[in-house]
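Engineer: Chains as they are written, first to last, in the numbering used here: chain U, 13 to 392; chain E, 3 to 265; chain D, 83 to 415.
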Amino acid sequence: MDFQLSPQLELLRKSIREFAEGAVAPRIPHMEETDEVPWDLYREMGKQLYMGIMIPKEYGGTNLGNLARMIMIEELARVSASIGMAMQIFHLGIAPLTDFANEEQKKKYLPSLAKGERLATIAVTEATGGSDPTGIQSTAKLEGDHYVLNGRKCFITHGHVADTITIMAKTGEGPKGFSAFLVEKSFPGFKVGRKEKKFGLHGCNTGEIVMENCLVPRANLLGNEGDGLKICMAGISEVGRAGMAGCGLGLIQACLEASVKFANERILGGKPISQHQGIQWLISDIYVDLEASRLLCYRAAWLRDQKLRCDTEMALAKFYATEAAVRCAKKAVDIHGGYGYMMEYPVQRYYRDAEILIASAGTSEIQRIIMARKALTSFK
Amino acid sequence: MDIVVCVKPAPDPKFWERIQLDPITKALRREGIPSVLGPLDKRALEEGLRLKEKYGGKVRTIAMAPLGARDNLVETLAMGADEAYLLSDRAFAGSDTWATSYALSKAIKKIGKFDLIICGEWSLDGSTGHVGPQLAEFLDIPHITRTVAIEFTEEGALYTRSLMEGGCRILETSLPALITVAREINTPRFISLMGVLEAENKPLTIWGASELGIKPEEVGFSGSPTQTGEIFMPEMKRKGVILQGEPDELIAEVIQKIRQAIG
Amino acid sequence: MKDLQAKKEIWVFIEQQEGCIAEVSFELLQAAGFLAQKLDQAEIIAILLGHKIRDLAYSLFSFGVEKVLLADHPCLENYLTLPYTRVISQLIMKKRPEVFLLPATTVGSDLAARLAARVRTGLSAHCTQLDIDEKGKLKQVVPAFGGQVMATILCPRHLPQMATVRPGVYRRAIGHEKTPVIEEVPVELNPADLRQKVLKVERAKEFTCSLEEAEIVVAGGAGIGNREDWKLVERLAEVLQGTVGGTRPPLDEGWIREEQMIGQSGKTIRPKLYIGVGISGVIQHVVGIQEAKTIIAINNDPKAAIFQNADLGIVADFRQILPKLIAALEKRK
C-alpha cells in the first residue's frame, strides 16, 4: 500500500494551488459582495483544460483521472468553495457524456467542453423530486424527430449559463420511465428561471431552468429510453459525490490553516492561545477530521481510477468530508472568538459555505442509507 | 536564441526554524526540509521564457544539487523550459562558489552553444551572489549583475539596465554574455496545468563528475578555495526596559532616552 | 618565490565614482588597520582605478595607507568588469597579497567575484566580522539562511584571502598619517576586455542621507497597516532629522525603496539612535540594527521579539504614541 502521491500529482497540486492563490483569491471579496460569477477565471481554467481532466485525450481532454481531479477540487476549494463547486459541477455535467454518450455525441460536444469553450451542468432536481429523483414530473414526448420536453428544474448550479445540460425527464412510468437528454441552451423552448439568493457560496449561481415545449433532437437522447435514472445517478453518485467530498476536504484544510495562524498570533494570558490546551484540542479535532477525510476521499477516487466499484466508498467520503467541513468550520470560528464573526476574517465564509455541501449530490441521510445497506450485507 | 538558466534549489524558508546546529559535528542539520526554487531563480527563468517567446529558441535549465532537487527541475520544465540538467554527484558536496561555477561551466560547455546565460542575483540560502560572475569568468564571457531590463539591438548586442546604489546603469554588451537578475525584473508566471502535463515529455538529464570530465579533487571540499569553519546561531543580547501604561508617561520616557542618545 | 621576510600586504579596493570616494572605502581601511596590527604590522595598500583620479589618491594617506596602486586610463573611467578585472588580476598575480578587502556594493561584489575566479582564490561575501586566527589566517564571518546562521569562512590554501564587507559594518578610520607613495600601474587591455560599454548612468531622483551614514534612523514594519499611518513614521523621522528605514513588508507595499530596507538582505546600520515602530523584530531585521547605539522599540505586542533587543521598549499602539511624541518633540525645538 503506497500512500505517496506521484511527483506529477504533487506538481499538479502545486500548479493549481498557485493559480488558486494568485488568480482566484483576489476575486473573492468581489464575489462575496456581488455574487457575480468570475467568468474570466473559468475561461482561464478552460484554456488550462481544468474541465477536461477526466475527458479522454482523443476528445481533447487530459484524462488525468479521478484522483487528479480530487486534488484539483481540493486545492480550488481551499481558497474558494464557490470556485471548487463550480469546477466540480462542470465535471459532473461532463460525466454523463464521457460515460454514456455515443461516438457522435462525444465527438460533437466533448472537445469544446474540455477546453471550457462551452460549459456543462446536470439538471435532475425538481420541486417534487430531490432526494427521491423518481418524484420528478418533467416529461419528454417523442414527436417525429424530436423529443418535446416540459417541466421546471430547480437548484441547478450554472443553469443560467451552461451551454450543455444533461436533463432527466420522464418518458414512461416506473423506474425505467426516465430518460436523459443532452440539451443545449439554444434549443427552442429552453428558458432560465429565477436565480436563487444563497447565504453562502457566493459567486457560484444556482437557479431554475424551464422547459416549455423545448425541442430536443432525437440524436440527443443519451443511451436508450429508460436509461435516464441509471445515467444521472451514476454521474451524481460517482462524480458528484466525489466533488462535494473534495470541496469539503479543501474547506477543512482552509479551516485548519486559518485556525493555526490565528492561534499562534492571538495572545491571551501572556501567551499565544495555541499554547492553551483547550485550543489545542480544537485544533487536533480539525486535524484528525482533515486526515480522515483525505484518506477517504483519495481512496474513493483511486478506486474509480482502477475501474473498481466505488459507490459506497464515495458515500463514505462524501458523508464524512462534508459533515466534517461543517463541524470544522464551526470550530474554526470558535477558535477565532469574536473575530470569527467578523467579515474581515475568512472563517465566517468557510462556515457559510460548508453547509450546502451536506444537502448536495445526495444529502447526508441518503449517504447513510447507502452506507447502511452495504454494512448490513457485508458485515454479517 | 539559446538560453541557459541556472537555478539553485535551496531549503524552503518556511521551515528554516527547523535548521539546527548539530552540537557534536558542528554541522548544519537540514534533513526533512524540502527544497524550493528561490524567487530570483524563478525570475531568471521567467526572463528566459519571455525572451524565447519573443525571439524563438530554447531555454535550458541547470542546477548543481542533490538528487532530491530533481522535482525542482521538473518544475522548471513545467514553467516552460525545454530541457533540464541536474549536476549531482557525491564529489560535488561541500563545493563553494568557485567549485560550483567550475562544474556548471563544464556542463554548459557540454550542452553546447549558447547566446545568453541567466542567473538570479543571489540564492536563497548562501546569498553570496558569486556564482553568476564566476561562471562568466570560466566561460570567458562578459557579465552584468543586478539586471532589471533587457533588450537586444538589431545588430545582436545586449542592452541592459542594471541597478546600482542611488540609481542604475545602462550597458551595452556583446553576446554571448551572462546576466544576473534582480527581483524588480519581472513577475514570474504560475505553473500551468498544461505545463505540468508537458513536463512529463521533456528531457531531464542527470550528470555526475565523470560525465563532465571533472576530477573529484577539482570540486567538493578538496576543490574549494574557501572552507567553512565554525558555525553558530547568533544570539541577540540586549535586554532593556519594557514599559506599558499611560501615553503621556510613556512619551516622557521616550524623550528622555532620545536625549541620552543624541544629546 | 615570495620573500618570507617581506611584510604581508592587505589590499583594499577603493571604490570611487565621478571623482568621489565612497564612504565604505574608508570603512574598509579601518578594518584593514585592525587586521594589519594582528598580522605583524602588515602594509595597507589601496587599489584605485579610474581616469584623472590621481588627486583622490592623496586623500587616502591619512588613513594608514602605505601605498596606492593607481591605474589611470580612459577605459577605466566608469567601472566595467573586464577592464578592472584585467588590471587588478595582473597585479594580484604579481604580488599575491595576504588579504584583499572589497566593499559589498554593486561594483565591489561584481568585481570581487570575477577576480576570485580569475586568480583562483577564495572569496566570502558580505562579512560582518573579520579577524586573524592563531595561524595568521583571515577569519571571515558571514550570515547565511537569512542571518539565522553565522558561518566562519577560511581560505587556507590560496592567496589573497578575499572578502567583501557591507557598508556600515565598520566606521571610517581616523589616524596614522603616512607618507604618500603612489605607484602607477600600467594598463594593458585586450580587445576581449572591451566587450562592454557604459551608455548611461542614471541617478535616483531624491537625495537622502543614506541609511548607513545616518545618525538617527526611524524604521517602520508590518505593524504599520496602511500608507496613512506610514506618514507618522516619516513625520517622526523628519522632526528628528533622521532617515527613514523599514523592513520587507513596507518595501513590498512600496512605502520604502530597496535601499531603505534594513536587515540581513538590506542594510546594516550603526546610528546613534534607532526607533523601530510596528516592527516585530525577526532576526533578519535585527541583524541589521544590532550595532545601533540606542534602540527604542514601539509595538503593541508585548511579546514582540524586538523588545529583547531594545534599550527601551514601549508597549503601546503607535497610532496613539507617535502623534503625541511628534508634537512634544516639535515643541522642544
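Idealized CB from N, CA, C, for every residue including glycine.
(1) Apply the 10 Å Cβ neighbour rule to residue 227 (chain D) and answer buried if 16 or more other Cβ atoms are within range, or exposed otherwise.
(2) Quick one: give me the first and last residue of the beta strand (DSSP E) that residue 93 (chain D) is part of.
(3) Using beta-carbon positions only, say whether residue 362 (chain U) and residue 280 (chain U) come within less than 8 Å of one another.
(4) Within the 8 Å Cβ cut-off, does residue 251 (chain D) reach chain E?
(5) Could you check which residue in U:175, U:180, U:114 and U:185 has the C-alpha nearest to that of residue 199 (chain U)?
(6) Rounded to whole angstroms, how far is the Cβ of residue 359 (chain D) from the Cβ of residue 326 (chain D), which I believe are closer than 8 Å?
(7) Can you pull the chain U residues whose beta carbon is under 8 Å from the beta carbon of residue 192 (chain E), in chain order?
(8) Do residue 152 (chain D) and residue 265 (chain D) come within 8 Å of each other at the CB atom, strictly closer than that value?
(9) Residues of chain U with CB closer than 7 Å to the CB of residue 198 (chain E), please, in chain order.
(10) With distances taken between CB atoms, is the gap from residue 135 (chain U) to residue 125 (chain U) smaller than 8 Å?
(11) Please list, in chain order, the chain D residues whose beta carbon lies closer than 7 Å to that of residue 242 (chain E).
(12) Do residue 237 (chain D) and residue 228 (chain E) come within 8 Å of each other at the CB atom, strictly closer than that value?
(13) Could you tell me which residues DSSP puts in a beta bridge with residue 229 (chain U)?
(14) When you compare the stretch 203-219 of chain E with the stretch 83-99 of chain E, are there three or more beta-carbon pairs, one atom per stretch, that lie closer than 8 Å?
(15) If you measure between the beta carbons of residue 79 (chain U) and residue 337 (chain U), is that distance less than 8 Å?
(16) Sort D:349, D:174, D:306 and D:239 by Cα distance to residue 374 (chain D) and report the nearest one.
(17) If the cut-off is 7 Å on Cβ atoms, which residues from the stretch 38-65 of chain U count as contacting chain E, listed in chain order?
(18) Along chain E, in chain order, which residues have C-beta atoms closer than 7 Å to that of residue 74 (chain U)?
(19) Counting C-beta neighbours from all protein chains within 10 Å, is the total for residue 390 (chain U) 16 or more, i.e. buried, or is it exposed?
(20) Within 10 angstroms of the Cβ of residue 211 (chain U), are there 16 or more other Cβ atoms? Answer buried if so, exposed if not.
(21) Starting from the C-beta of residue 153 (chain U), find all residues in its chain whose C-beta is less than 7 Å away, skip the five residues before and the five after it, and write them out in chain order.
(22) Rounded to the nearest angstrom, how far is the Cβ of residue 190 (chain D) from that of residue 97 (chain D), given a contact under 8 Å?
(23) Mind reading off the beta-carbon distance from residue 180 (chain U) to residue 148 (chain U)? Whole number of angstroms is fine, and I expect it under 8 Å.
(24) Can you tell which of D:316, D:314 and D:167 has the C-alpha that lies nearest to the C-alpha of residue 142 (chain E)?
(25) Could you pull out every unbroken alpha helix (DSSP H) segment of at least 4 residues lying fully inside the stretch 113-187 of chain D, listed in chain order?
(26) Between the Cα of residue 181 (chain D) and those of D:187, D:161, D:270 and D:203, spot the shortest distance and give me the residue it belongs to.
(27) With DSSP collapsed to three states, give me the class of residue 284 (chain D).
(28) Buried or exposed: where does residue 26 (chain E) fall if 16 or more other Cβ atoms within 10 Å of its Cβ makes it buried?
(29) In the stretch 371-384 of chain D, which residues sit with their C-beta less than 9 Å from some C-beta in chain U, listed in chain order?
(30) Around the Cβ of residue 140 (chain D), are there at least 16 other Cβ atoms within 10 angstroms (buried) or fewer (exposed)?
(31) Quick check on this structure: which residue in D:369, D:396, D:365 and D:351 has the alpha carbon closest to the alpha carbon of residue 259 (chain E)?
(32) Which residues in chain U sit within 9 Å of residue 202 (chain E), going by Cβ to Cβ distance?
(33) If the cut is a Cβ gap below 7 Å, which residues of chain U does residue 67 (chain E) touch?
(34) How big is the Cα-Cα spacing for residue 38 (chain E) and residue 13 (chain E)?
(35) Run down chain D in chain order and give the residues with a C-beta less than 7 Å from the C-beta of residue 285 (chain U).
(36) Considering Cα atoms alone, identify which of E:8, E:15 and E:256 is closest to residue 83 (chain E).
Structural biologist: Answer, in terms of the structure:
(1) The residue you call residue 227 (chain D) lines up with position 145 of the third sequence. Buried, because 16 or more other Cβ atoms sit within 10 Å of the Cβ of residue 227 (chain D).
(2) Taking the third sequence and counting its residues from 1, the one referred to as residue 93 (chain D) is at position 11. For residue 93 (chain D), the enclosing beta strand (DSSP E) begins and ends at 91-95.
(3) Along the first sequence, read from residue 1 onward, the residue named residue 362 (chain U) stands at position 350. Along the first sequence, read from residue 1 onward, the residue named residue 280 (chain U) stands at position 268. No.
(4) Locating residue 251 (chain D) in the third sequence gives position 169, where the first residue counts as 1. So no, residue 251 (chain D) is outside the interface.
(5) As a working note, residue 199 (chain U) is residue 187 in the first sequence. Nearest Cα to residue 199 (chain U) within the set U:175, U:180, U:114 and U:185: U:175.
(6) Along the third sequence, one-based indexing puts residue 359 (chain D) at 277. Along the third sequence, one-based indexing puts residue 326 (chain D) at 244. Between residue 326 (chain D) and residue 359 (chain D) the Cβ distance is about 11 Å, and since that is not below 8 Å, they are no contact.
(7) Here residue 192 (chain E) refers to the residue found at position 190 of the second sequence. Those are 27, 30, 31, 34 and 35, listed as they occur along chain U.
(8) Within the third sequence, residue 265 (chain D) is the residue found at index 183, counting from 1. Within the third sequence, residue 152 (chain D) is the residue found at index 70, counting from 1. Contact annotation: residue 265 (chain D) and residue 152 (chain D) have beta-carbon atoms nearer than 8 Å.
(9) Locating residue 198 (chain E) in the second sequence gives position 196, counting from the first residue. Those within 7 Å of residue 198 (chain E) in chain U are 20, 23, 24 and 27.
(10) Looking up residue 135 (chain U) in the first sequence gives position 123. Looking up residue 125 (chain U) in the first sequence gives position 113. Not a contact, by the Cβ cut-off of 8 Å.
(11) Mapped onto the second sequence, residue 242 (chain E) falls at position 240. Proximity of chain D to residue 242 (chain E) at the Cβ level (cut-off 7 Å) is accounted for by 392, 393, 394 and 395, in chain order.
(12) On the second sequence, position 226 is the one that residue 228 (chain E) refers to. On the third sequence, position 155 is the one that residue 237 (chain D) refers to. Cβ distance < 8 Å, so residue 228 (chain E) and residue 237 (chain D) count as in contact.
(13) The count along the first sequence starts at 1 and reaches residue 229 (chain U) at position 217. Its beta-bridge partners are U:158.
(14) As far as the Cβ criterion goes, the stretch 203-219 of chain E touches the stretch 83-99 of chain E, which means the pair count is three or higher.
(15) Looking up residue 79 (chain U) in the first sequence gives position 67. Looking up residue 337 (chain U) in the first sequence gives position 325. Note that the C-beta distance between residue 79 (chain U) and residue 337 (chain U) is not below 8 Å.
(16) Against the third sequence, residue 374 (chain D) aligns to sequence position 292. Among D:349, D:174, D:306 and D:239, the Cα nearest to that of residue 374 (chain D) belongs to D:349.
(17) Contact residues of the stretch 38-65 of chain U toward chain E are 60, 61 and 62 (C-beta to C-beta distance below 7 Å).
(18) For this step, residue 74 (chain U) is matched to residue 62 along the first sequence. Around residue 74 (chain U), the beta-carbon contacts reaching into chain E at under 7 Å are 199.
(19) Taking the first residue of the first sequence as position 1, residue 390 (chain U) is located at position 378. Residue 390 (chain U) is exposed by the Cβ-count criterion.
(20) For the purposes of this step, residue 211 (chain U) is taken as the residue at position 199 of the first sequence. Here residue 211 (chain U) is exposed: its Cβ has fewer than 16 other Cβ atoms, across all protein chains shown, within 10 Å.
(21) Position 141 of the first sequence, counted from the start, is the residue given in the question as residue 153 (chain U). When the five nearest sequence neighbours on each side are left out, the beta carbons in the same chain lying within less than 7 Å of the beta carbon of residue 153 (chain U) are those of 159 and 160, in order along the chain.
(22) By one-based count along the third sequence, residue 190 (chain D) stands at place 108. By one-based count along the third sequence, residue 97 (chain D) stands at place 15. In this structure residue 190 (chain D) touches residue 97 (chain D) by the C-beta definition: roughly 6 Å separates them, less than 8 Å.
(23) Within the first sequence, residue 180 (chain U) is the residue found at index 168, counting from 1. Within the first sequence, residue 148 (chain U) is the residue found at index 136, counting from 1. About 7 Å separates the two Cβ atoms, so the contact holds.
(24) As a working note, residue 142 (chain E) is residue 140 in the second sequence. Nearest to residue 142 (chain E) by C-alpha distance, out of D:316, D:314 and D:167, is D:167.
(25) 136-140 and 163-177, all fully within the stretch 113-187 of chain D.
(26) For this step, residue 181 (chain D) is matched to residue 99 along the third sequence. Comparing C-alpha distances from residue 181 (chain D) to each of D:187, D:161, D:270 and D:203 shows the shortest one belongs to D:203.
(27) In the third sequence, counting from the first residue as 1, residue 284 (chain D) sits at position 202. Residue 284 (chain D) falls in the strand class under three-state DSSP.
(28) In the second sequence, counting from the first residue as 1, residue 26 (chain E) sits at position 24. Counting Cβ neighbours within 10 Å, residue 26 (chain E) comes out exposed, since fewer than 16 surround it.
(29) Cβ proximity to chain U below 9 Å picks out 383 and 384 from the stretch 371-384 of chain D.
(30) Here residue 140 (chain D) refers to the residue found at position 58 when the third sequence is read from its first residue. Result: exposed.
(31) The residue labelled residue 259 (chain E) in the question sits at position 257 within the second sequence. Of the candidates D:369, D:396, D:365 and D:351, the one whose C-alpha sits nearest the C-alpha of residue 259 (chain E) is D:396.
(32) Here residue 202 (chain E) corresponds to residue number 200 of the second sequence, with the count starting at 1. Result: 20.
(33) Counted from its first residue, the second sequence places residue 67 (chain E) at position 65. Going along chain U, no residue has its Cβ under 7 Å from residue 67 (chain E), so there is no contact; the nearest lies around 16 Å.
(34) As a first step, residue 38 (chain E) must be located in the second sequence, where it is residue number 36. As a first step, residue 13 (chain E) must be located in the second sequence, where it is residue number 11. About 6 Å.
(35) Here residue 285 (chain U) refers to the residue found at position 273 when the first sequence is read from its first residue. Ordered by position in chain D, no residue passes the 7 Å Cβ test against residue 285 (chain U), which lies about 12 Å from the chain.
(36) Walking along the second sequence from the start, residue 83 (chain E) turns up at place 81. Comparing Cα positions, the closest option is E:8.
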